[in-house]
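Engineer: The structure's right below; bear with me while I get my questions together.
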Amino acid sequence: MRRTGTYATSTTLGEAVQAFVPLPLPPCEPLLAPACFEAGNRAAELALARLSGVSGLVPSVDWLLYSAVRKEALLTSQIEGTQATLVDLFDEEAGFAIGNTDDVEEVTNYLRAFRLVQDNLRDPAGLPISVRLLCDAHRLLLNGVRGSGKQPGELRRSQNWIGGTRPGNAAFVPPPAERVADLLADVERFIHDDSASTLPPLVKIALVHAQFETIHPFLDGNGRIGRLLIAALMEHWHLLPEPLMYLSGYLKQHQSAYYQRLSAIRTQGDWEGWVSFFLEGVAAAASEAERSIVAIASLIAADRRRLLASPKAGPASYRLFEALPMMPRFTVELARQALNTSFPTANAAVKLLEDLGIVSELTGQKKNRSYSYQDYIALLTR
Ligand SMILES: Nc1ncnc2c1ncn2[C@@H]1O[C@H](COP(=O)(O)OP(=O)(O)O)[C@@H](O)[C@H]1O
Ligand SMILES: [Mg+2]
Numbered sequence: 000m001r002r003t004g005t006y007a008t009s010t011t012l013g014e015a016v017q018a019f020v021p022l023p024l025p026p027c028e029p030l031l032a033p034a035c036f037e038a039g040n041r042a043a044e045l046a047l048a049r050l051s052g053v054s055g056l057v058p059s060v061d062w063l064l065y066s067a068v069r070k071e072a073l074l075t076s077q078i079e080g081t082q083a084t085l086v087d088l089f090d091e092e093a094g095f096a097i098g099n100t101d102d103v104e105e106v107t108n109y110l111r112a113f114r115l116v117q118d119n120l121r122d123p124a125g126l127p128i129s130v131r132l133l134c135d136a137h138r139l140l141l142n143g144v145r146g147s148g149k150q151p152g153e154l155r156r157s158q159n160w161i162g163g164t165r166p167g168n169a170a171f172v173p174p175p176a177e178r179v180a181d182l183l184a185d186v187e188r189f190i191h192d193d194s195a196s197t198l199p200p201l202v203k204i205a206l207v208h209a210q211f212e213t214i215h216p217f218l219d220g221n222g223r224i225g226r227l228l229i230a231a232l233m234e235h236w237h238l239l240p241e242p243l244m245y246l247s248g249y250l251k252q253h254q255s256a257y258y259q260r261l262s263a264i265r266t267q268g269d270w271e272g273w274v275s276f277f278l279e280g281v282a283a284a285a286s287e288a289e290r291s292i293v294a295i296a297s298l299i300a301a302d303r304r305r306l307l308a309s310p311k312a313g314p315a316s317y318r319l320f321e322a323l324p325m326m327p328r329f330t331v332e333l334a335r336q337a338l339n340t341s342f343p344t345a346n347a348a349v350k351l352l353e354d355l356g357i358v359s360e361l362t363g364q365k366k367n368r369s370y371s372y373q374d375y376i377a378l379l380t381r
């Protein structure tokens, strides 16, 4: 059996435990066998190439990104246990009253963290993928009510554990705190040193994510930052021109296999099993995103034809319709702001879309009416 780490004695809460310290990447003795990833990698790269091509089906890739990025934010937070829905998120953005504000805050924090990372990577003067950038993202992710006691933005200074009530009875004890910085520096080197490995980029991403989870460098948020790191590396290695894939959907659907595969790297030296699971996930998630884009494009095309066929259609209703994919829940006031027009003009445009059955009113009231592009939301939440 391949050894993937060593054990170090760590004393916490008056108890000595064996903490796992992973060996640096890539896996060795034996090296990863190409036979275990070649076919899976080819299938995943093909699915990503198809996904990149299909975004041309709609006039603006921003429409697709709007929902894809929010789905990833929601699903990665749901893996952590956050109870929020896509509609909660849309409602929050539309300024509608929502009940579970703490849950939605966790999701919007993830969106902020994601944007920070993307902005840095796209800015020639920005930070590269690095411990510093991940800490900055962590600070945004854990900002607010739930995260404030968990050292936002900082590597942990104490021993943590996964499963169980204390390190002594835990399923997994990550490395001692004083080793975390060096172990992350190894990961950083593996990412940026092209001579470190000739493995395909998706395989490297699989390795990096698992290694990050094994190091478990933060007091909380390790899963979400580790999955954000996947998206960041997809960008860094140009695997997808835009973040249209939401891998967390697959990971959530196969959550127990996800955790078991991570554990098996440690307990059975099984890097191969994790890598092939990850590649299958990328292929499945990319195909799912592609199907979703085709469905969105055909819904929008059909609704647009209906609008253009109406004798009452004009510039305002047409522009409002084009704004809907990024504003699926709205009020007349939001429509007015989006169109930069008068209230009566916005109101007439909304009314036309309602009469055509494209949007529906939610409150049944005369005042503060709220609208929803329901068929589109149904597609996204299917
Ligand atoms: N057995 C395991 N070995 C290594 N990592 C694991 C294991 N089980 C779960 N994980 C990782 O730990 C994450 C949970 O850690 P946590 O710090 O609570 O992150 P978050 O708050 O973002 O969910 C999981 O999402 C998963 O990525
Ligand atoms: Mg957590």
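Heads up: the sequence shown begins at 0 in numbering that gives the first Met the number 0, then just goes up one per residue. All C-beta atoms, glycine included, are put in the ideal place defined by N, C-alpha and C.
1) What is the residue span of the beta strand (DSSP E) that F95 lies within?
2) Mapping DSSP to helix, strand and coil, what is Q117?
3) Ligand 2 and D219: does any heavy atom of the ligand fall closer than 7 Å to the residue's C-beta?
4) Any heavy atom of ligand 2 within a distance shorter than 7 Å of the CB on E105?
5) Ligand 1 heavy atoms versus the CB of G152: any closer than 7 Å?
6) If we require 3 or more residues per run, which beta strand (DSSP E) segments fall completely within the segment 289 to 346?
7) Can you say whether G52 is buried or exposed, counting buried as having 16 or more other CB atoms within 10 angstroms of its CB?
8) Where does K366 land, buried or exposed, given buried means 16+ other C-beta within 10 angstroms?
9) What does the alpha-carbon distance come out to for the pair E44 and L56?
10) Any chance the segment 328 to 344 sits against the segment 365 to 381, with 3 or more Cβ pairs inside 8 Å?
11) So the candidates are Q210, Q158 and E71; which of them puts its Cα closest to the Cα of T11?
12) Thinking C-beta only, is A347 closer than 8 Å to R335?
13) Mind checking who P240 pairs with in its DSSP beta bridge?
14) Figure out for me which residue from A96, W270, P166 and P127 has the closest Cα to the Cα of G13.
15) Excluding the 5 residues preceding and the 5 following A112 in the sequence, name in chain order all residues of the same chain whose CB lies nearer than 7 Å to its CB.
16) Taking the alpha-carbon of E234 as reference, which of C35, P25 and V116 has the nearest alpha-carbon?
17) Using a Cβ-based criterion (distance less than 7 Å to any ligand heavy atom), does E79 qualify as near ligand 2?
18) My understanding is that V207 touches I190, with C-beta atoms under 8 Å, so please give their C-beta distance in whole angstroms.
19) On a Cα-Cα basis, can you pick out the residue from E153, A300 and I204 that is closest to W273?
20) Going by DSSP, what residue range makes up the beta strand (DSSP E) through T44?
21) Under 6 Å Cβ to Cβ from A282, same chain only, skipping five residues before and after it: list those, please.
22) Taking the alpha-carbon positions, what's the P343 to K311 distance?
23) Near I214, which residues of its chain fall below 8 Å by C-beta distance, leaving aside the five closest residues on each side in sequence?
24) Kindly give me the distance between the Cβ atoms of L50 and A288, rounded to whole angstroms, as I take these residues to be in contact under 8 Å.
25) Considering Cα atoms alone, identify which of C134, G98 and R69 is closest to F211.
26) With 16 as the cutoff for other CB atoms within 10 Å, does E360 come out buried or exposed?
27) Candidates V16, S194, A83 and A34: which alpha carbon is nearest S275's?
28) Cβ of Y258 versus every heavy atom of ligand 1: is any distance shorter than 7 Å?
29) Output the distance between the C-alpha atoms of E28 and L250, rounded to the nearest integer angstrom.
30) Any heavy atom of ligand 1 closer than 7 Å to the CB of T164?
31) Where does the unbroken alpha helix (DSSP H) through G395 begin, and where does it stop?
32) Any heavy atom of ligand 1 closer than 7 Å to the beta-carbon of E91?
33) Does the segment 233 to 247 touch the segment 57 to 70, meaning 3 or more C-beta pairs lie closer than 8 Å?
34) With distances taken between CB atoms, is the gap from L323 to S316 smaller than 8 Å?
35) Quick check: is any heavy atom of ligand 1 less than 7 Å from the C-beta of S255?
36) Any heavy atom of ligand 1 closer than 7 Å to the beta-carbon of I206?
Structural biologist: Looking at the coordinates:
1) Careful: F95 lies outside any beta strand (DSSP E) and carries neither H nor E.
2) Residue state for Q117 is assigned as helix, using DSSP reduced to three classes.
3) Indeed, a heavy atom of ligand 2 lies less than 7 Å from the Cβ.
4) It does not: the Cβ of E105 is nowhere closer than 7 Å to a heavy atom of ligand 2.
5) No, the beta carbon of G152 sits no closer than 7 Å to any heavy atom of ligand 1.
6) Those beta strand (DSSP E) runs which fall completely within the segment 289 to 346 and span 3+ residues are 328 to 330.
7) Under this definition G52 is an exposed residue.
8) Exposed, by the Cβ-count rule.
9) E44 and L56 have their alpha carbons spaced roughly 20 Å apart.
10) At 8 Å Cβ cutoff, the stretches touch.
11) In terms of CA proximity to T11, Q158 leads the group Q210, Q158 and E71.
12) Against a cut-off of 8 Å, the Cβ pair of A347 and R335 comes out as no contact.
13) Partner(s): none; P240 has no beta bridge.
14) Looking at the Cα atoms, P166 is the closest of the given residues.
15) Spatial neighbours of A112 in its own chain (CB-CB distance under 7 Å, excluding positions within 5 residues in sequence) are listed in chain order as A136, L139, L140 and L227.
16) Residue V116 holds the alpha-carbon nearest to the alpha-carbon of E234 among C35, P25 and V116.
17) Because some heavy atom of ligand 2 lies under 7 Å away, the Cβ of E79 counts as near it: yes.
18) A Cβ-Cβ separation of about 6 Å places V207 in contact with I190 under the 8 Å criterion.
19) If we check each option's Cα against that of W273, I204 comes out closest.
20) This sequence places Glu at residue 44; Thr is not what is there. Per DSSP, E44 is not a residue of any beta strand (DSSP E); the alpha helix (DSSP H) it occupies stretches across E37 to V53.
21) A42, A43 and A46, listed in sequence order.
22) So the two alpha carbons sit approximately 15 Å from each other.
23) These residues qualify, in order along the chain: P21, P173, P174, V179, L182, L183 and V186.
24) Rounded to the nearest angstrom, the Cβ distance from L50 to A288 is 5 Å, consistent with a contact under 8 Å.
25) Proximity to F211 across C134, G98 and R69 peaks at C134, based on C-alpha coordinates.
26) Within 10 angstroms of the beta-carbon of E360 lie fewer than 16 other beta-carbons, which makes it exposed.
27) Closest by alpha carbon: A34.
28) For ligand 1, at least one heavy atom lies less than 7 Å from the Cβ of Y258.
29) The straight-line gap from Cα to Cα measures roughly 29 Å.
30) Taking non-hydrogen atoms of ligand 1 into account, the C-beta of T164 is found less than 7 Å away from none of them.
31) This structure cannot settle anything about residue 395, because the visible part of the chain is limited to 0 through 381.
32) E91 Cβ: outside cutoff for every heavy atom of ligand 1.
33) Verdict: yes, contact present.
34) Between L323 and S316, the CB-CB gap reaches or exceeds 8 Å.
35) Every heavy atom of ligand 1 is 7 Å or more from the Cβ of S255, so no.
36) Here the sequence assigns Leu to residue 206, which means Ile is not the residue at that position. In this structure, L206 has its beta carbon at no less than 7 Å from each heavy atom of ligand 1.
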